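A.B. asks: The structure is given below, and queries will be raised subsequently.
2 protein chains.
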Amino acid sequence: MSKPEVQANEAQPKPRTRRILTRDDWIDAAIGLLVSKSIDAVRVEALAKDLGITIGSFYHHFKDRNELLAGVLGKWHESTTAQVVRAYGDLTLEQAMHDILSLPFHGETARRAAMVEFAIRAWARRDEMARQAVREVDEQRLAYYAGALQQAGFSKAEAANKAFLVYSFQISQALLWEVYDDKARKRLLGFTKKLLLAPDA
Amino acid sequence: MSKPEVQANEAQPKPRTRRILTRDDWIDAAIGLLVSKSIDAVRVEALAKDLGITIGSFYHHFKDRNELLAGVLGKWHESTTAQVVRAYGDLTLEQAMHDILSLPFHGETARRAAMVEFAIRAWARRDEMARQAVREVDEQRLAYYAGALQQAGFSKAEAANKAFLVYSFQISQALLWEVYDDKARKRLLGFTKKLLLAPDA
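Chains S and H, in that order, are what the protein sequence lines are. Going by the numbering used here, the first residue of the first sequence is number 1, and it counts up by one from there. Going by the numbering used here, the first residue of the second sequence is number 202, and it counts up by one from there.
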């Protein structure tokens, strides 16, 4: 990790060039361009222009564009993992499932996370590094849900099957966010939770 | 609909320029570029170059790029509707659900359809016309599944809830196609069918 740049001359006429830019700022800017345009639009020159800083500053933090892209995937993976772990923790299965199934409902934050995730999946269709990251995240989430369900008493096979449906619910709610209003979403959440948490038939 | 162009001089040295290009050929080429790159890459000049034909020929079929894009969405909507209707028809609910839930499994064709759909959803994040088309398709499929479930005896609310889970299953199987092998897919299909077709609790 490189040190952040400090350009602290208070009398400068261009305030944007005086920002302290961290590695994370570059990653966030890259995610912004990825979401609003596509991976092809994530170019060092475009980012530097958006951030009002020289291209040289970029190389202070990253060896090349590829390292920046790896940083984007790393950040996404990390926040994704944290999200899943936070959702379970010491909760009962019912609380945990409620939280996990409700993830796509948490307003603007969830909306934004869904857009980032969608953009990364689109990128993964054409890029091996992104494909690998998406696959790891998918497998990690599914294993996590299956583990929680198994711990709560479902058989291994039952837990794996239900984990897929939990994840399907999440993915589809995020994808179909426009189709349902809040009332319908709550109804679907209640129904799905009840269906998946019922004891083995 | 304009007439297809015929350039039938057998002695021509450039065979690609002698193809009979229909409106549908342009739409298919546009879908190809949409999937392999993104909507931004779908430009008349690039398509003409790929097809080995002059730009002028494009305007034989379409007023402008926007009409081509509308054609892409129209073709997708049509094939999507046909797919859904074919899946139900005169079948029993169990057969129909089996077919609908199996849609993401039909090898290369399903894989290609999923890629087209994904690319259109990505486009819909940034474009009103595409957004509208996606929303209509989503609502149409959900209404169709709900109708089939209701016809088979489930209450209206139950049918709407289950229709969402059927659609979630489809969407997620298409999205997570890499995560599961054939055996796991079959297991998930059997489990989900049984879970969703069980009578109201």
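Backbone N, C-alpha and C fix where the C-beta goes; we use that ideal spot for every residue, glycine too. On a predicted model such as this, the values are computed, not experimentally measured, just so you know.
If the cut is a Cβ gap below 7 angstroms, which residues of chain H does S:Tyr145 touch?
C.D. replies: Within the first sequence, the letter at position 145 stands for residue 145 of chain S. Ordered by position in chain H, no residue passes the 7 angstroms Cβ test against S:Tyr145, which lies about 13 angstroms from the chain.
A.B. asks: Run through DSSP, which three-state label would H:Ser356 get?
C.D. replies: Numbered from its first residue, the second sequence carries residue 356 of chain H at position 155. DSSP places H:Ser356 in coil when its eight states are reduced to three.
A.B. asks: Whole-angstrom Cβ separation of S:Leu208 and S:Met129, contact assumed at under 8 angstroms?
C.D. replies: No statement about residue 208 of chain S is possible, as the shown extent of chain S runs from 1 to 201 and does not include it.
A.B. asks: For S:Tyr180, which three-state DSSP category applies?
C.D. replies: In the first sequence, counting from the first residue as 1, residue 180 of chain S sits at position 180. Three-state DSSP puts S:Tyr180 in coil, outside helix and strand.
A.B. asks: Against chain S, does H:Pro216 count as a neighbour if the rule is that its beta carbon must be under 8 angstroms from one of theirs?
C.D. replies: As a working mapping, residue 216 of chain H is identified with position 15 in the second sequence. Unreliable positioning characterises H:Pro216 in this predicted model, as indicated by a pLDDT of 47, which lies under 50. A coordinate reading is not provided.
A.B. asks: When you compare the CB of H:Lys204 with every CB in chain S, is at least one pair closer than 8 angstroms?
C.D. replies: Taking the second sequence and counting its residues from 1, one reaches residue 204 of chain H at position 3. Because H:Lys204 sits at a pLDDT of 43, beneath the cut-off of 50, its placement in the model cannot be relied upon, and the following sentence gives the value as read from the coordinates. No, because no Cβ of chain S sits closer than 8 angstroms to the Cβ of H:Lys204.
A.B. asks: Measuring only the C-alpha atoms, how far is S:Ile20 from S:Asp181?
C.D. replies: In the first sequence, residue 20 of chain S corresponds to position 20, counting from 1. In the first sequence, residue 181 of chain S corresponds to position 181, counting from 1. Near 41 angstroms, if we compare the C-alpha coordinates of S:Asp181 and S:Ile20.
A.B. asks: In whole angstroms, give me the CA-to-CA distance for S:Ala110 and S:Val179.
C.D. replies: Position 110 of the first sequence holds residue 110 of chain S. Position 179 of the first sequence holds residue 179 of chain S. Going by the C-alpha atoms only, they are around 16 angstroms apart.
A.B. asks: Residues of chain S with CB under 8 angstroms from H:Val380, in chain order?
C.D. replies: To locate residue 380 of chain H, count along the second sequence from 1; it is residue 179. Per Cβ cutoff of 8 angstroms: Arg135, Asp138, Glu139 and Leu142.
A.B. asks: In this structure, how does DSSP classify S:Thr54 when only helix, strand and coil are distinguished?
C.D. replies: As a working mapping, residue 54 of chain S is identified with position 54 in the first sequence. In this structure, S:Thr54 counts as coil in the three-state DSSP scheme.
A.B. asks: Mind pulling the chain H residues with CB within less than 9 angstroms of S:Arg23?
C.D. replies: As a first step, residue 23 of chain S must be located in the first sequence, where it is residue number 23. Those do not exist, as S:Arg23 stays about 27 angstroms from chain H at its closest Cβ, beyond 9 angstroms.
A.B. asks: Could you tell me the alpha carbon to alpha carbon distance between H:Arg386 and H:Gly272, rounded to whole angstroms?
C.D. replies: Position 185 of the second sequence, counting from 1, holds the residue named residue 386 of chain H. Position 71 of the second sequence, counting from 1, holds the residue named residue 272 of chain H. H:Arg386 and H:Gly272: Cα-Cα distance of roughly 34 angstroms.
A.B. asks: Please name the residues in the stretch 115 to 127 of chain S whose beta-carbon is closer than 9 angstroms to at least one beta-carbon of chain H, in chain order.
C.D. replies: Flagged, chain order: Met115, Phe118, Ala119, Arg121, Ala122, Arg125 and Arg126.
A.B. asks: What residue range does the alpha helix (DSSP H) around S:Leu34 cover?
C.D. replies: Taking the first residue of the first sequence as 1, we reach residue 34 of chain S at position 34. Arg23 to Ser36 is the span of the alpha helix (DSSP H), which, as asked, contains S:Leu34.
A.B. asks: Use the C-beta contact count for S:Ala124: other C-beta atoms within 10 angstroms, 16 or more gives buried, fewer gives exposed.
C.D. replies: In the first sequence, residue 124 of chain S corresponds to position 124, counting from 1. When all chains shown are included, S:Ala124 counts as buried.
A.B. asks: With contact counted as at least three CB pairs below 8 angstroms, one residue from each stretch, are the stretch 225 to 239 of chain H and the stretch 259 to 272 of chain H in contact?
C.D. replies: Result yes; three or more Cβ-Cβ pairs closer than 8 angstroms.
A.B. asks: What number of angstroms, rounded off, separates the C-alpha of S:Ala46 from the C-alpha of S:Gly190?
C.D. replies: Within the first sequence, residue 46 of chain S is the residue found at index 46, counting from 1. Within the first sequence, residue 190 of chain S is the residue found at index 190, counting from 1. So the alpha carbons of these two residues sit roughly 45 angstroms apart.
A.B. asks: So the candidates are H:Thr255, H:Tyr346 and H:Arg332; which of them puts its Cα closest to the Cα of H:Gln296?
C.D. replies: The sequence position of residue 296 of chain H within the second sequence is 95, counting from 1. Among H:Thr255, H:Tyr346 and H:Arg332, the Cα nearest to that of H:Gln296 belongs to H:Tyr346.
A.B. asks: Determine, for S:Thr80, whether the minimum Cβ-Cβ distance to residues of chain H falls below 8 angstroms.
C.D. replies: Locating residue 80 of chain S in the first sequence gives position 80, counting from the first residue. Judged by the 8 angstroms Cβ criterion, S:Thr80 is not in contact with chain H.
A.B. asks: Could you check which residue in S:Thr92, S:Ala163 and S:Leu175 has the C-alpha nearest to that of S:Ala143?
C.D. replies: Counting from one through the first sequence, the residue named residue 143 of chain S turns up at place 143. The residue with the shortest Cα to Cα distance from S:Ala143 is S:Ala163.
A.B. asks: Report yes if the CB atom of H:Val170 is closer than 8 angstroms to the CB atom of H:Ala320, and no otherwise.
C.D. replies: As displayed, chain H neither begins before 202 nor continues past 402, which places residue 170 of chain H out of reach and without an answer.
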